[in-house]
Amino acid sequence: MAKEEAEVVGEVLSSFPRERRYLIRILQGIQSKAGYLPEEAMGEVARFLGISEAEVFGVATFYNQFRFIPLGRFHIVVCMGTACHSLGGQLVLDGFERELDIKVGGITPDREYSLDRVGCIGCCTKAPVVVVNDRIYPKMTPYKVEEVLAKLKASGEAEAEGDGLGGDTEEGL
Numbered sequence: 103m104a105k106e107e108a109e110v111v112g113e114v115l116s117s118f119p120r121e122r123r124y125l126i127r128i129l130q131g132i133q134s135k136a137g138y139l140p141e142e143a144m145g146e147v148a149r150f151l152g153i154s155e156a157e158v159f160g161v162a163t164f165y166n167q168f169r170f171i172p173l174g175r176f177h178i179v180v181c182m183g184t185a186c187h188s189l190g191g192q193l194v195l196d197g198f199e200r201e202l203d204i205k206v207g208g209i210t211p212d213r214e215y216s217l218d219r220v221g222c223i224g225c226c227t228k229a230p231v232v233v234v235n236d237r238i239y240p241k242m243t244p245y246k247v248e249e250v251l252a253k254l255k256a257s258g259e260a261e262a263e264g265d266g267l268g269g270d271t272e273e274g275l
């Protein structure tokens, strides 16, 4: 486990009593701060709570909310609900897979981008919809995929220079 991840795990564990009933909250805390559940963290949690690693893994794998691989800095989620799918959501997803050279559930080698699909985001009137981190990109088309990726790259470069362009508003593409 990387030093930074070990510090996160230690920080989270130190904020909880050594009681099994806090297992899910501990796992949520680690994932919230680390972005995922590092495999080595399962052993640390087990030792902290005095339970087996198998029990920790059993709980962590039972709930869909837990991830065992990190997300990219830009986590792209393509909606595949009925409205999005019928208006070209699969073509948009195919475009991201092609441009990023990853499949759903994957992450680019530089850890900049990860790609997922969901059943419905709840923005059906804006279909097809893509969400990147907390930003909504409505009325997507396969042709807008490159534009979205260019905006993400530019915002990442701006953040590195201290000009963060983040936000949770809709992008007008």
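Numbers given in the working numbering equal positions in the sequence shown, counted from 1, plus 102.
Where a beta carbon is used, it is the ideal one built from N, C-alpha and C, also for glycine.
If you check the CB distance, L115 and A162 do not come in under 8 Å. In the structure shown, S134 falls within a helical segment according to DSSP collapsed to helix, strand and coil. Judged by pairs of C-beta atoms under 8 Å, the segment 183-194 does not touch the segment 162-173, as fewer than three such pairs exist. CA-CA distance, V250 to V179, rounds to 12 Å.
A direct Cα-to-Cα measurement between Y124 and L189 gives close to 43 Å. Per DSSP, the unbroken beta strand (DSSP E) holding F176 starts and ends at 176-181. When the five nearest sequence neighbours on each side are left out, the beta carbons in the same chain lying within less than 8 Å of the beta carbon of S154 are those of A148, in order along the chain. In the DSSP assignment, D218 falls within the unbroken beta strand (DSSP E) covering 215-220.
With contacts defined as CB atoms closer than 8 Å, V206 and D218 qualify as a contacting pair. About 6 Å separates the Cβ atoms of R120 and F150, confirming a contact at the 8 Å cut-off. Bounds of the alpha helix (DSSP H) holding R149 are 141-151.
The C-beta distance from I223 to V234 rounds to 12 Å, too long to meet the 8 Å contact threshold. Proximity to Y215 across E199, E107, A156 peaks at E199, based on C-alpha coordinates. Listed in chain order, the non-local C-beta contacts of R127 below 8 Å within the same chain comprise F118, local neighbours out to five positions each way being set aside.
A156 sits exposed, since fewer than 16 C-beta atoms from the chains shown fall within 10 Å of its C-beta.
Here the C-alpha atom of C181 lies approximately 20 Å from the C-alpha atom of T210.
A136 is positioned such that its CB atom lies closer than 8 Å to that of E107.
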